[in-house]
Every structure is written in structure tokens, then in C-alpha cells.
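Below you'll find the structure, written out as C-alpha cells, and then a few comments.
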Amino acid sequence: MMNQPIKTSIPKPPSKIKNYVTLLLVLFLLWGSSIQTDSSLAELVAGFPNMMDLLNQMVPPNWGYFDNITDAMLETIRMAVIGTTFGAILAIPIALFSASNLIQNIWVFYPIRFILNLIRTVPDLLLASIFVAIFGLGSLPGILALMVFSIGLIAKLTYESIEAIDPGPLEAMEAVGANKIQLIVFGVIPQVAAHFISYVLYTFEINVRAAAVLGLVGAGGIGLFYNKTLGFLEYDKTSSIIIYTLVAVLAIDYISTKLREKLL
Amino acid sequence: MSEAARKGMKPKKNRAGLWGIYLALALIYIWAFSGMNLPEIKPTAGQITKSIFNGMFHPDWDYVSDPGGEDLLHGLLDTLAIAALGTFISAVLCVPFAFWAAANMSKGKAASGTGKFVLSFIRTFPELVMAIMFIKAVGPGSFAGVLALGLHSIGMLGKLFSEEVENMDLGPTEALMATGANRFQILWFAVIPQVITGFLSYTLYRFEINVRSAAVLGVIGAGGIGTPLIFALTSRDWNRVGIILLGIIVMVTVIDLISGYLRRKIV
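Chains as they are written, first to last, in our numbering: chain V, 1157 to 1420; chain H, 12 to 278.
Written out as C-alpha cells, the structure is:
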């Protein structure tokens, strides 16, 4: 046996080189980004008076303008309701076909999941601008954009909760000879229904916010009025729109969150 | 067991409440659908859809890299830069908000409640409207997009950070206080080591969201890939629309994969 020297010193702390390299890399990325975007603090400071000017013009909101935009606000909520509903209905079969514990064939659920992932990468406003190009101005392209977006989100969340259900009831039903439809109606739906409704409400909250800006690309709703008022430099009216949207969104969020808390 | 007895075993649900909910839902839907006037579908819709799909499958590959400057890669790089810088700004600015809104760090319930309200106000303010306001201040371009994302993301990041701070173990803080550490030392040695992983993970998550938002900001002139997309849509250059959409899908997917991998490594 070789006599090994006994270590008496305190062990060295792990090397921090990796942290420093990461930090340097991040700083380099940020520096590159600021060059790419022409960001400069000087420009912000120089532009600051302009912005304060804008805020000053916005500050007393034009309270009378609320009457003009109530119809548009209601249309926004309608678009969100209809878009979310159709999206949720279409998401049900898609979620069932992409759950790996119901459909064991990987050639079915992997392609569907892949398409769902692709759908979710396209932001809703871009979807809306494409639908506007196809169908023209109005609320229809907005509803379609919200619908496609809802399918992507609801189907993903739902198939994940279908995969997490308790397999016991399904096995018991299979053992007594239930077919696939009976399995889904009596084994799957009772277990995921509450989750599904909660996801639909959550998507509805997101869709109300999204619907409020879809009008900027001509897809209906209150967003159209941003273009109108900003184009005519009527900033007091713009701030009325913002306040109205905030109140409506916060109210809907509050109701929806309460309902979701009750469900789960 | 008789049929009646079996029926009696069913748990009694609150029937009246259930019917109330159905009625409310029915009313909401009647209201929603009656207000929608039947949309007129343009006769050209089918043709345009066909051209868009055609464009998607025959993308304008020449647009990917153009030495002149205004090409796809330049636009995507711009989008990523806006998202990175915007996320960084908000991750720094939201820290004080997070400690303000955290119930265990703020003095009293009123303070943390106000902090939470301010954060939810920022969250609800549409980022596109913020971008429009910043365009007024610094002119159209990427910088306006950076500022809009930087300000808007404070809302969500501040909320997530404050929840992370609220879930912190207070033991180390008390221990340091007992040995006579000052506030700065407590923050540096007890608070930051506990929350830093959560902060980093949420920041990466927000970066994923901001990449999508930055792709949209160009629609109103705040830089990024959205501007050439809108130009291509209005000039009906479907092959170019196809290549830009492909570019966005590939970029978002790659960023999600990388960021997801990093987040799993951090936590």
C-alpha cells in the first residue's frame, strides 16, 4: 500500500468559472441586442418630454366617449365568447385523439400534438391579420383567430389532464366489456370535466384581453377605436378606451377566477 | 335492490343552482349570437386561402438572406433582440415591485395589497397600446418595442417573483438577523440564494412569451418581423407571407426548446 497524504486543508469551493462565463455570455447577448435595436438611454431621455406631453393630454379622460364605445366593448366580449366556445368544442375531439392513454397508436397522437404545437407558436394577432387578408375587415376574422388560438391552448391542457386521470375506472370498465365510446363517456369525462371547464374559463380570460387589441389589425372589437382616436390625435378618448378595457377585463377576470376556484 | 332505492342512493346535487347556471349560460349565448350579424364572406376568400396555402408550400426562399439588409434573418434577429432586451429590463425593474407585493417582506397587508394591485394594473394594460405610446416618445422602431415589452412584462414577472419570495423559508433570514447581520447582508446571503433559481426560471419563461409578443409588435411599427409580414400581407405577396410565417414558427419552436432545456437544468 502506498501511504497517501492525509488531506488536512478545507476542501476548495466548487469553481465559479462556469457562472462567470454564463454571466459574460448573457452580457454579450444583451450588448448585441442593444446594438441591433438601436437602444440608447439618451434617446429615451430625449423622448421623455414627448411622452409626458402625451400623458398630459391623456389625463382627463373624455368621460362622454364611453357611450360611443360601449357597443364596441360588447362586441369584443361577444367575439371572445363565441371564439372560445367554438374553440372549446373543436378542442374536445382533438384532445381525446392526442391523449396517449386513450389512443395507443403513436402515428395518431404524435402528429396531432405536433400540429397543436405549431398552432400555438403563431401569435393570435398574426393569425388575425392573416384572416383579415382572407375574409376582409370585421369581427369574423377576429373570432376565427381566437378560435384557432383556443383550440391550441385548450386541447393541450385537456389532453395533459386526460393523461393524468386515474386508470382504475377505465380498467374496470374494459374488464366488463365497455367499448371506447362508453369508456370516454363514463370513465374519462367525469374525471376531466371540471378541469376542462376551468381551462375554458382561463382561455376566455386570455381571449378577452386578446380581443381588445385585435381591432388594431382590423379584426373587429374595441381595438378599432385605438386607430381612430390615435389617428386624430384625440388622446383623451384613447385613455377612455384604455380605462374601459381595464375595467371590463378586471371584472371578467375576477368573476372567472372565482368560478374556477369553485370548480377545483 | 329496487329501482327506487337505487335512485335514492344518488348524491343529491344542488339542482336549483345547477339550473341557474344553465339559464345564465343560455342567456349569455343568446346575447352573444343575436348580436352577431351574419358575416359576409368575400367571394375571393376561397381563392386567397388557396394562394396562402400555395405560398406556404412554395416559400420565397430568396428572402431568407438578402445582402441588402431587409431580409428574414435580419427581421428574426431584430425580434429576438427586442425580446431579450425587453425581458432583461423587466427582470431588473420588477425586483423592487416583487418585494413590495410580497406579503412577508412588506410592512402590513395594505402595502402588499397595493403592490399586487399595481402589478395587476400593469399586466392588464395592453402591451400594444404601450408600444404605441412609446412610439410617440422615441419614434417608430425596435427601441419602442423594447421599452413596451420591458414595461409590460413587469406585471407578470413581478407577480411570479413576489410569489417566489412569499414561499421562501424564513429560517436563514432569522438566523442571520440573530448574528447581527445588516439588511444588505441578509438580502445577499439569505434571500437571494433562495429565490435566484426561481427568478431565473421565470425570466426564461417570460422570454419565451416575449419572443411571440415581439413578433407581433411590428404590426404597429415597433420593430421586428411583424412589419415585413404586414407589408407582405397588404401587397398580397403570399410566397413572402409563407416564408415569414415559417421563419416565426421555426424561431419560436427553437427558442422554446432551448429555454425549456435551460429551465429544467436550473430547477
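Note that the Cβ used here is the ideal one computed from N, Cα and C, for glycine as well.
Please state if the CB of residue j and the CB of residue i are separated by a distance shorter than 8 Å.
i, j, result
"V:Gln1260", "V:Tyr1391", "no"
"V:Ala1289", "H:Leu244", "yes"
"V:Ser1254", "V:Ile1268", "yes"
"V:Gly1243", "V:Met1303", "yes"
"H:Val140", "V:Glu1199", "no"
"H:Ser212", "H:Arg274", "yes"
"V:Ser1295", "V:Met1235", "yes"
"H:Ala233", "H:Ala121", "no"
"V:Thr1232", "V:Ala1367", "yes"
"V:Thr1193", "H:Val263", "no"
"H:Thr214", "H:Val278", "no"
"H:Val75", "H:Ile231", "no"
"V:Ser1412", "V:Leu1326", "no"
"H:Leu181", "H:Ile197", "no"
"V:Ala1239", "V:Asn1363", "Checking the sequence shown, residue 1239 of chain V turns out to be Gly, not Ala. Contact: yes."
"H:Lys53", "V:Gly1292", "yes"
"V:Val1237", "H:Ile39", "yes"
"H:Gly66", "H:Trp249", "yes"
"V:Ile1275", "H:Ile63", "no"
"V:Met1207", "H:Met144", "yes"
"V:Ile1225", "V:Phe1388", "no"
"V:Leu1282", "H:Leu240", "yes"
"H:Ser123", "H:Leu168", "no"
"H:Phe210", "H:Phe172", "yes"
Going by beta carbon distance, what residues of the same chain come within less than 8 Å of residue i, once the five residues before and after it are set aside?
i, result
"H:Val176", "Ala109, Phe110, Ala113, Asn115, Met116, Val202, Val206"
"V:Asn1383", "Gly1371, Leu1372"
"H:Phe218", "Ala94, Ala95, Thr98, Ile266, Ser270"
"V:Leu1420", "Ala1350, His1351, Ser1354"
"V:Ile1431", "No answer is possible for residue 1431 of chain V: the residues shown for chain V start at 1157 and end at 1420."
"H:Ala15", "A caution first: H:Ala15 carries a pLDDT of 49, below 50, which makes its placement in the model too unreliable to give a value."
"V:Asp1322", "Gln1347"
"V:Trp1219", "Ser1396"
"V:Arg1416", "Ser1354, Leu1357, Tyr1358"
"H:Arg193", "According to the sequence as given, residue 193 of chain H is Asn; it is not Arg. Counting only Cβ-Cβ distances below 8 Å, and skipping sequence neighbours, we find nothing."
"V:Val1201", "none"
"V:Phe1222", "Ser1396, Tyr1400"
"V:Leu1386", "Thr1394"
Short of 6 Å in beta carbon distance, which residues of its chain neighbour residue i, apart from the five on each side in sequence? Order them along the chain.
i, result
"H:Met12", "Per-residue confidence for H:Met12 stands at a pLDDT of 45, beneath the threshold of 50, marking its modelled position as unreliable; no derived number is given."
"H:Gly166", "Leu130, Ile133, Arg134"
"V:Ile1345", "none"
"V:Ala1311", "Ala1247, Ile1250, Ala1251, Leu1272"
"V:Phe1265", "Ser1254, Ser1256, Ile1259"
"V:Lys1336", "none"
Kindly indicate the opening and closing residues of the alpha helix (DSSP H) around residue i.
i, result
"V:Tyr1410", "1391–1419"
"H:Thr184", "182–189"
"V:Gln1347", "1345–1370"
"V:Asp1227", "1222–1254"
"V:Tyr1140", "For residue 1140 of chain V there is no data in the structure shown, the boundaries of chain V being 1157 and 1420."
"H:Tyr74", "Where H:Tyr74 is concerned, there is no enclosing alpha helix (DSSP H), given that its DSSP letter is neither H nor E."
"V:Lys1384", "1379–1387"
"H:Trp249", "249–277"
"H:Asp89", "83–112"
"V:Trp1219", "Careful: V:Trp1219 lies outside any alpha helix (DSSP H) and carries neither H nor E."
"H:Asn221", "203–228"
For residue i, which residues in the same chain have their Cβ closer than 7 Å to its Cβ, ignoring the five residues on either side in sequence?
i, result
"H:Gly235", "Gly86, Asp89, Thr90, Ile93, Ser153, Gly156, Ala225, Ala226, Leu228, Gly229"
"V:Met1154", "Past the edges of chain V, shown from 1157 to 1420, lies residue 1154 of chain V, and the structure says nothing about it."
"H:Glu138", "Ala159, Leu160, His163, Ser224"
"V:Gly1203", "none"
"V:Leu1406", "none"
"H:Ile259", "Ala226, Ile236"
"V:Asp1409", "Glu1361"
"V:Gly1343", "Pro1325, Leu1326, Met1329"
Please indicate yes or no: does the CB of residue i lie closer than 7 Å to some heavy atom of the ligand FMN?
i, result
"V:Leu1282", "Absent from the structure shown: the ligand FMN. Ligands present: none."
Mind checking the region 136–156 of chain H against chain V and listing, in chain order, the residues whose C-beta falls within less than 8 Å of any C-beta there? Phe136, Pro137, Leu139, Val140, Ile143, Met144, Phe145, Lys147, Ala148, Val149, Gly150, Gly152, Ser153, Phe154, Gly156
Members of the region 1191–1202 of chain V that neighbour chain H once the beta carbon cut-off is set at 9 Å: Ile1191, Gln1192, Thr1193, Asp1194, Ser1195, Ser1196, Glu1199, Leu1200, Ala1202
So if I threshold CB-CB distances at 7 Å, which residues from the region 1373–1389 of chain V count as touching chain H? Val1373, Tyr1382, Leu1386
The region 74–94 of chain H: positions lying closer than 8 Å to chain V by Cβ: Leu88, Asp89, Leu91, Ala92, Ile93
Taking a cut of 8 Å between CB atoms, which residues from the region 221–234 of chain H lie near chain V? Arg223, Ser224, Ala226, Val227, Val230, Ile231, Gly234
Selection of the region 179–195 of chain H by Cβ proximity to chain V, strictly under 7 Å: none
Against chain V: residues of the region 22–43 of chain H by CB proximity under 9 Å: Ile39, Tyr40, Trp42, Ala43
Under 7 Å, CB to CB, which of the residues in the region 1298–1314 of chain V have a partner in chain H? none
Note down, in chain order, all residues in the region 95–108 of chain H with a beta-carbon under 8 Å from any beta-carbon belonging to chain V. Ala95, Leu96, Phe99
Members of the region 1355–1372 of chain V near chain H, C-beta cut-off 8 Å: Arg1365, Ala1368, Val1369, Leu1372
Contacting positions in the region 1271–1283 of chain V - beta carbon closer than 9 Å to chain H: Asn1273, Leu1274, Arg1276, Thr1277, Val1278, Pro1279, Asp1280, Leu1281, Leu1282
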